[in-house]
Amino acid sequence: MIILIVAIGLRNFIKPSREQGTRYECINCKYIYNPKVGNEVAGIKPHTEFEDLPEEWTCPVCGKNKEDFRPHKDN
Ligand SMILES: [Zn+2]
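Numbering (the working numbering), first residue to last: 400 to 474.
Pasting the structure below:
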C-alpha cells in the first residue's frame, strides 16, 4: 500500500516535468516547429510532440533533420 502511494506520488512528480507542447527551432533557418499546429504539409497532425515526429522528418524550410533542432523557449 505504501509502495503504491509512493509510486503514484512519484508519477505525479515526474509527469509535470515532462514538458508538453515544447516548440523546437531549426538552428539553420530559425523555422519553429509548433507541436500544437503540427506540420500538415508533411502529414504531421496537430498535437504531435517533436519527440514523436518520425525520424525521417526534416525541416520544411531548409531540409535539415531533427538533430539540427533545439528546444525553443520564449515564454
Ligand atoms: Zn530549417
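By construction, the Cβ of each residue, glycine as well, lies at the ideal position given by its N, Cα and C atoms.
| Which value, in whole angstroms, describes the spacing of the CA atoms of P445 and I407? | 30 Å
| field | Selection from D473, G442, D451, I404 that minimises the alpha carbon distance to P459 | value | G442
| task | With DSSP as the reference, label E424 as helix, strand or coil. | result | strand
| request: Below 8 Å CB to CB, which residues in the same chain sit around W456 once its five sequence neighbours on both sides are set aside? | output: N438, A441, I443, N464, K465
| When we look at the beta-carbon of C425 and count the other beta-carbons within 10 Å, is it buried (16 or more) or exposed? | buried
| query | Which value, in whole angstroms, describes the spacing of the CA atoms of C461 and Y423? | reply | 14 Å
| With DSSP run on the structure shown, which of helix, strand or coil describes N464? | strand
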